[in-house]
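In the UniProt record's numbering, the protein residues as written are 1 to 113. Here a beta-carbon is modelled for each residue, glycine too, at the ideal position from N, C-alpha and C. One structure below.
This is how it looks when you write it as structure tokens:
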């Protein structure tokens, strides 16, 4: 379950950011998670809640947006949603594809007091 180590990294980031702004409580955390990361949102939020206990992030709402896996063909320029990890351009069938989105793992923003 790699979600626990990811949750620890997120907690470290939000606690550091909150301290830099003299916050006393973190109430809301918005995350962007790419489809290609294969992170289970429920496992991540469970792990985060367990790790955040007795910190200023205890009880914070964690909101996760899954970013779709999108490719762009280097041959014809077509952008497309990658289905079932088939990285072939649906227009020209080229395998020369750049991943445009879907690998994200980021804290988008926090709400603090």
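- Scanning its chain for C-beta atoms nearer than 6 Å, with the 5 sequence neighbours on each side dropped, one finds around residue 104 the residues 32, 34, 67, in chain order.
- Taken atom to atom, the span from the alpha-carbon of residue 80 to that of residue 73 is near 8 Å.
- In the structure shown, residue 99 adopts extended strand secondary structure according to DSSP, grouped into three states.
- The bridge partners DSSP lists for residue 61 are 28.
- Excluding the 5 residues flanking it on each side, residue 107 has same chain C-beta neighbours closer than 7 Å at 10, 13, 14, 29, 31, in chain order.
- For residue 60, the closest C-alpha among the options 87, 26, 44 is that of 26.
- Taking the C-beta atoms as reference points, residue 97 is found nearer than 7 Å to residue 71.
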